[in-house]
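Here's the structure, in structure tokens; my notes come after.
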Amino acid sequence: MTSRTIQVDVLARVEGEGALTLVLDGDTVVDAKLKLFEPPRLFEAMMRGRACTEAPDITARICGICPVAYEMSACHAVEDALGVSVGGALRELRRLLYCGEWIESHVLHMVMLHAPDFLGFPDAMALAKQHPERVRGSLRIKKAGNAIVAVLGGREIHPVNIKVGGFYRVPSRTELAQLLPDLRAALDEAEDMLDWLATFDIPAFERDYELVSLRHPTEYPMNEGRLVSTKGLDIDVHEFRAHIEEYQVAHSTALQARMVGRGSYQSGPLARFVHNADRLSPRAAASAARIGLDPTCRNPYRMLHVRGVEVIYALGEAIRIIESYAPPADASVPLVMRAGTGQAVTCAPRGILYHRYVLDDAGIVHDAQIAPPTAQNQLGIEEDLLAMGPMLATMSLEAATRRAEHAIRNYDPCISCSTHFLTLRFEQRGTP
Amino acid sequence: MTAVIIGIGQLAGGDDGVGIVVARALAARGFETRESADASVVLSLLAGERRVVLVDAVVGGGAPGSVLRLTAEALGSGPRPLSSHGLGVAEALELAATLYGTPIGERVEIVGVAIAPPAGSVVGLSPAVAAAVEPAAALALALAGAR
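Chains as they are written, first to last, in numbering that gives the first Met the number 0: chain A, 0 to 431; chain B, 0 to 146.
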């Protein structure tokens with residue numbers, strides 16, 4: 000029996016700093032550790048003592064790729080604590096903002112970070128040399144998404160126009176309408192891009208995942224819904240902590256998460272699609288059907304295709320929202336501070352993002368919990384690698400290493416988002 | 000048309016923020032500037048027809064505070080960007096040339112301000128680098144409008 004170790008000291012084409020160690024004994028992976036060594040970020044501790052109205056702006060800084068997700072989960076969780084509901088045009092604008100983030104985050108990952116794996120290129124630069132028009136096209140689609148975030152958020156990265164209760168300023172009809180030509184062009188281009196992605200060789204691999212996602216009564220979910228899974232979970236998001244627990248592991252600065260009593264689960268584009276394919280727009284649903292993607296899919300490599308379908312959905316949804324937009328009378332709903340606990344789950348590009356805040360009667364945060372998608376997906380990624388043992392054993396060390404990295408990138412891991420780990424028990428002891 | 004002046008850097012990185020400080024000084028005087036924590040802004044501008052002047056901190060460029068005029072070739076090809084966050088200046092220029100056929104030599108000027116290797120998170124410039132803001136701004140303006 001030969002024993003081999005696959006060691007990747009620094010994972011490339013992921014966001015943040017992580018490493019991978021896989022130990023193979025024959026065709027069995029006996030150890031798989033995704034080591035996230037990005038320094039701890041301490042955002043949960045940072046939130047303590049801050050006004051709850053600061054939560055969106057502070058937590059947006061967790062990620063430059065998906066700041067909108069942090070802003071949306073923070074806003075909804077604080078509004079839950081304050082008993083505030085945001086509806087009408089403001090709700091639609093939030094959905095539009097999320098469309099912008101899905102588009103830019105997904106396209107960046109699909110073409111610049113993940114496509115090189117499928118096509119055998121070392122990086123996006125090499126891909127660009129061989130497929131310049133594909134890369135140019137993807138950058139045009141991404142730009143259309145960035146433009147939504149810039150108009151609604153004030154700037155593309157770490158938007159500054161989002162507040163608990165709504166926005167500081169809402170756009171005019173004209174400002175939004177100016178986005179339409181590029182969005183319409185991007186929608187056509189995104190369909191073409193998906194057809195290109197569908198030509199890639201997809202490794203044969205499936206697992207019996209517990210796929211966890213939001214599900215909304217009428218919409219493809221972004222900001223609201225019940226939390227459902229393929230193993231029977233169907234809960235209100237307020238029950239999150241009764242079913243999902245976070246815990247520390249020695250090899251990672253990120254907390255891992257598991258379903259109480261069951262273990263790992265997967266939360267990401269595939270889970271979202273599996274639970275909500277019937278909520279897609281006709282055009283996005285037709286695209287999925289065209290490439291043979293349906294809710295029975297359990298192959299994580301096909302998350303590439305699901306992202307492509309979600310980009311088509313988000314572009315169409317953005318166009319719909321803009322075309323029917325009538326500016327609201329007020330840019331935000333009024334807030335009255337009160338003591339309470341608020342929780343929310345929204346759909347970050349990489350999966351479900353949970354926020355929980357405990358507020359005093361002045362609206363000061365006493366406790367915060369943030370469970371980012373990559374931390375939740377980490378255990379499942381390690382289990383994917385364990386299950387790939389027989390496949391990896393047949394490959395050269397170099398090919399097996401590439402395949403393992405490729406598998407990690409299925410999840411578009413955002414490592415710096417997930418490493419907010421802190422010793423909670425220690426912190427609680429330190430509280431007078 | 001005058002070139003766009005782009006300050007690149009991170010204000011929380013001490014002297015690494017000098018490019019941003021230069022851009023803000025010029026913006027306050029009414030010049031067209033952009034700011035970026037990495038070079039992705041460069042890529043989108045070079046997709047069009049604009050000329051750009053980049054102002055960035057450089058390590059290994061002499062005594063801190065030295066102001067240098069650099070060429071794209073001088074940037075060399077360092078390690079590829081490891082994260083989806085970071086697009087380096089050299090990579091952005093290479094990508095622009097690959098994707099858009101941008102003639103980098105004609106469209107891009109680079110002003111470097113020498114700094115010591117950043118030691119960690121600190122806001123504000125050291126005295127030597129702060130003294131270089133005006134000379135760097137003057138060179139950026141000359142390169143932006145002189146051709």
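Positions of the beta carbon are idealized from the N, C-alpha and C atoms, including for glycine.
Because the structure is a prediction, the values reported are computed rather than measured.
Three-way DSSP call (helix, strand, coil) for residue i in this model
i: lysine 230 (chain A); result: coil
i: serine 331 (chain A); result: strand
i: glutamate 439 (chain A); result: No statement about residue 439 (chain A) is possible, as the shown extent of chain A runs from 0 to 431 and does not include it.
i: aspartate 8 (chain A); result: coil
i: threonine 373 (chain A); result: helix
i: glycine 48 (chain A); result: coil
i: phenylalanine 42 (chain A); result: helix
i: threonine 97 (chain B); result: helix
i: aspartate 187 (chain A); result: helix
i: threonine 393 (chain A); result: coil
i: arginine 168 (chain A); result: coil
i: valine 3 (chain B); result: strand
i: arginine 225 (chain A); result: strand
i: serine 286 (chain A); result: helix
i: glutamate 31 (chain B); result: coil
i: methionine 302 (chain A); result: helix
i: tyrosine 356 (chain A); result: strand
i: serine 84 (chain A); result: coil
i: leucine 421 (chain A); result: Because leucine 421 (chain A) carries a pLDDT of 20, less than 50, the predicted location of this residue cannot be relied on, and the following value inherits that uncertainty. The answer is coil: DSSP assigns leucine 421 (chain A) none of H, G, I, E or B.
i: serine 212 (chain A); result: strand
i: valine 122 (chain B); result: coil
i: alanine 131 (chain B); result: coil
i: tyrosine 246 (chain A); result: strand
Residue-chain proximity (residue i, chain A), Cβ-Cβ < 9 Å
i: leucine 44 (chain B); result: no
i: alanine 26 (chain B); result: no
Through-space distance from residue j to residue i, alpha-carbon basis
i: arginine 402 (chain A); j: valine 22 (chain A); result: 14 Å
i: serine 84 (chain A); j: alanine 131 (chain B); result: 52 Å
i: alanine 143 (chain A); j: leucine 53 (chain B); result: 25 Å
i: valine 128 (chain B); j: isoleucine 57 (chain A); result: 30 Å
i: threonine 393 (chain A); j: leucine 196 (chain A); result: 26 Å
i: arginine 337 (chain A); j: alanine 44 (chain A); result: 21 Å
i: glutamate 167 (chain B); j: isoleucine 5 (chain A); result: An answer regarding residue 167 (chain B) cannot be provided, because it is not within the stretch 0 to 146 covered by chain B.
i: tyrosine 97 (chain A); j: alanine 176 (chain A); result: 17 Å
i: glutamate 103 (chain A); j: arginine 278 (chain A); result: 21 Å
i: glutamate 381 (chain A); j: glycine 388 (chain A); result: 11 Å
i: alanine 62 (chain B); j: glycine 17 (chain A); result: 34 Å
i: leucine 352 (chain A); j: leucine 124 (chain B); result: 37 Å
i: leucine 19 (chain A); j: threonine 400 (chain A); result: 9 Å
i: arginine 297 (chain A); j: glutamate 205 (chain A); result: 5 Å
i: alanine 46 (chain B); j: threonine 101 (chain B); result: 8 Å
i: leucine 92 (chain B); j: glutamate 245 (chain A); result: 43 Å
i: valine 28 (chain A); j: glutamate 322 (chain A); result: 53 Å
i: leucine 67 (chain B); j: aspartate 55 (chain B); result: 10 Å
i: proline 268 (chain A); j: alanine 367 (chain A); result: 26 Å
i: leucine 292 (chain A); j: alanine 270 (chain A); result: 13 Å
i: arginine 106 (chain B); j: alanine 38 (chain B); result: 15 Å
i: arginine 408 (chain A); j: proline 158 (chain A); result: 26 Å
i: valine 310 (chain A); j: tryptophan 101 (chain A); result: 7 Å
i: leucine 213 (chain A); j: alanine 68 (chain A); result: 14 Å
i: serine 83 (chain B); j: arginine 319 (chain A); result: Unreliable placement is indicated for serine 83 (chain B), whose pLDDT of 49 sits below 50; no coordinate value is reported for it.
Cutoff 9 Å: residue i Cβ touching any chain B Cβ
i: glycine 25 (chain A); result: no
i: methionine 124 (chain A); result: yes
i: glycine 267 (chain A); result: no
i: glutamate 380 (chain A); result: The residue you asked about is not glutamate; residue 380 (chain A) is isoleucine in the sequence shown. Closer than 9 Å: no.
i: isoleucine 318 (chain A); result: no
i: isoleucine 147 (chain A); result: no
i: isoleucine 351 (chain A); result: no
i: glycine 63 (chain A); result: yes
i: isoleucine 156 (chain A); result: yes
Beta-carbon neighbours of residue i, restricted to chain B and to distances below 8 Å
i: lysine 142 (chain A); result: Ser43
Residue-level contact to chain D via CB, residue i, 9 Å cutoff
i: alanine 36 (chain B); result: Given the protein chain composition of this structure (A and B), no chain D is represented.
Residue i Cβ short of 8 Å to the ligand SAM heavy atom set
i: leucine 67 (chain B); result: With respect to the ligand SAM, the structure offers nothing, as it holds no ligand at all.
Exercise for review: With 7 Å as the limit, tell me which residues of the stretch 127–140 of chain A have their beta carbon closer than that to any beta carbon of chain B; keep them in chain order.
Suggested key: Per Cβ criterion, the list reads Ala127, Lys128, Pro131, Val134 and Arg135.
Review point. Given a limit of 8 Å on CB to CB distance, which residues of the stretch 89–105 of chain B reach chain A?
Key: Taking 8 Å as the upper bound on Cβ-Cβ separation, chain A lies near residues Glu90, Glu93, Leu94, Thr97, Leu98 and Tyr99 of the stretch 89–105 of chain B.
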